[in-house]
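Reviewing the structure listed below.
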Amino acid sequence: MLVILLLVIVIVISYLLGSFNGAIVISKYIFQDDVRKHGSGNAGATNFYRTFGGPLTILVLACDVVKMILAVLLARWLLAPTELAFESTYIAGFCCMLGHVFPAFYKFKGGKAILTSCTWAVFIDWRVAVICVALFLICVALSRFVSLGSMVAAVAFIILVPLLTRPGWFCVILVWISALLMLWAHRENLLRLIRGQESEFSFHHDT
Numbered sequence: 198m199l200v201i202l203l204l205v206i207v208i209v210i211s212y213l214l215g216s217f218n219g220a221i222v223i224s225k226y227i228f229q230d231d232v233r234k235h236g237s238g239n240a241g242a243t244n245f246y247r248t249f250g251g252p253l254t255i256l257v258l259a260c261d262v263v264k265m266i267l268a269v270l271l272a273r274w275l276l277a278p279t280e281l282a283f284e285s286t287y288i289a290g291f292c293c294m295l296g297h298v299f300p301a302f303y304k305f306k307g308g309k310a311i312l313t314s315c316t317w318a319v320f321i322d323w324r325v326a327v328i329c330v331a332l333f334l335i336c337v338a339l340s341r342f343v344s345l346g347s348m349v350a351a352v353a354f355i356i357l358v359p360l361l362t363r364p365g366w367f368c369v370i371l372v373w374i375s376a377l378l379m380l381w382a383h384r385e386n387l388l389r390l391i392r393g394q395e396s397e398f399s400f401h402h403d404t
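By this note's numbering, the letter at position 95 of the sequence shown is numbered 292, and the numbering carries on one by one without gaps.
So, in C-alpha cells, the structure goes:
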C-alpha cells in the first residue's frame with residue numbers, strides 16, 4: 198500500500214513539475230505577452246528566443262532542465278526503499294515530459310520536451326545524452342533547422358536507450374512513448390520541412 202501511495206505522489210508531482218512552463222510564465226509576467234501567440238505558436242525555448250530574444254531565454258532553458266532534475270531526484274528519494282527504485286528515474290522522467298507537452302496549467306498546450314527529455318537522458322545514461330545532443334547539434338549546424346535536429350535526437354533516444362542500457366521492457370516502453378510524443382509534437386514542423394517552409398534558426402531574433 199505504501200509503495201502505491203509513493204508511486205502516486207511521484208507521478209503527480211513529476212507531472213505538475215513538467216507542467217510548469219518557463220517560456221509561458223516569463224512571457225506573461227515579464228513581457229506581458231504570451232509566447233504562444235507568436236511565431237510557431239509553440240511554448241518552447243526556440244520560439245521564445247525568436248520572439249523575445251535576450252538573456253531570458255537562458256532562464257527558459259534552465260526551467261526545462263531544473264524541473265526534470267527535481268522530478269527525478271524526488272522520485273529516486275521516495276522510491277529508493279521500494280522495489281521500484283530502478284524504475285523511479287523512468288517513471289518520473291516520463292511524467293515530467295508528459296506534463297511539459299500537455300501541461301495542466303495551460304490548457305494542455307505546451308512545448309516539445311526536447312531539452313527536458315535530454316536532461317532525463319543524463320539520468321538514464323550519460324552516453325545516451327551525449328550522443329543525442331551531438332546528433333542534434335550536428336543536424337542544426339548542417340541544416341539550420343532546430344526541428345530537424347530535435348526529431349533526429351528523438352529517434353536516437355528510441356534506439357540508444359535499449360541498446361546501451363537494457364533497462365527492461367517497462368522502462369523501454371516509457372522511453373518509446375516519450376520519443377513518439379516528441380515526434381508527434383513536431384508533426385507540423387515535419388510538414389513545413391517537406392514543403393520547404395520551415396524557418397531556419399538564427400541568432401538574430403524577430404523584431
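Built from N, CA and C at the ideal position, the CB exists for glycine as well.
Neighbour-count burial assignment, residue i, 16 or more Cβ in a 10 Å radius
i      : result
Trp317 : buried
Lys264 : buried
Tyr287 : buried
Pro300 : buried
Ala282 : exposed
Ala289 : buried
Tyr246 : buried
Arg149 : The chain is shown from 198 up to 404; residue 149 falls before or after that span and cannot be answered.
Thr404 : Here Thr404 scores only 42 on pLDDT, less than 50, and its place in the model is too uncertain to base an answer on.
Gly241 : buried
Gly296 : buried
Sequence-distant residues of the same chain with beta carbon closer than 7 Å to residue i, five excluded per side
i      : result
Val337 : Val343, Gly346 and Phe398
Glu284 : Phe367 and Cys368
Ile356 : none
Ile206 : Leu275
Asp322 : Leu361 and Thr362
Residue closest to residue i, alpha-carbon to alpha-carbon, out of the options
i      : options                           : result
Gly393 : Arg341, Val349, Leu361 and Met379 : Arg341
Phe333 : Val319, Cys315 and Ile321         : Cys315
Val412 : Asn244, Val269 and Ile335         : This structure cannot speak to residue 412, because the chain is shown only from 198 to 404.
Ala259 : Val269, Leu281 and Gly219         : Gly219
Gly308 : Trp381, Ile208, Glu395 and Ile227 : Trp381
Glu280 : Arg389, Leu387 and Leu199         : Leu199
Val352 : Gly365, Ala326, Leu388 and Arg363 : Ala326
Glu385 : Ile227, Val222 and Gly236         : Gly236
Lys304 : Ile335, Leu388 and Ile221         : Ile221
Pro252 : Ser224, Gly238 and Arg273         : Ser224
Residue-chain proximity (residue i, chain D), Cβ-Cβ < 8 Å
i      : result
Ala331 : Of the protein chains in the structure, only one exists, and it is not chain D.
Helix, strand or coil at residue i according to DSSP, with G and I counted as helix
i      : result
His402 : Legend: pLDDT at His402 = 49, less than 50; position of this residue unreliable, no value from coordinates given.
Gly365 : coil
Phe354 : helix
Glu396 : Strictly speaking, residue 396 in this sequence is Ser, with Glu absent from that position. Coil, per DSSP.
Arg384 : helix
Ala338 : helix
Met198 : coil
Gly308 : coil
Proximal residues to residue i (C-beta, below 6 Å), its chain only, five neighbours per side dropped
i      : result
Phe302 : Ser216
Phe291 : Leu371 and Ser375
Residues near residue i in its chain [Cβ-Cβ closer than 8 Å; skip 5 each side]
i      : result
Cys293 : Ser211, Tyr212, Leu214, Gly215, Lys264, Met265, Ala268, Val269, Thr313 and Trp317
Ile328 : Ala353 and Leu357
I'd like the ranges of any alpha helix (DSSP H) spanning at least 4 consecutive residues and lying wholly in the region 216-299. Runs of the alpha helix (DSSP H) inside the region 216-299: 219-226, 242-249, 253-276 and 285-298.
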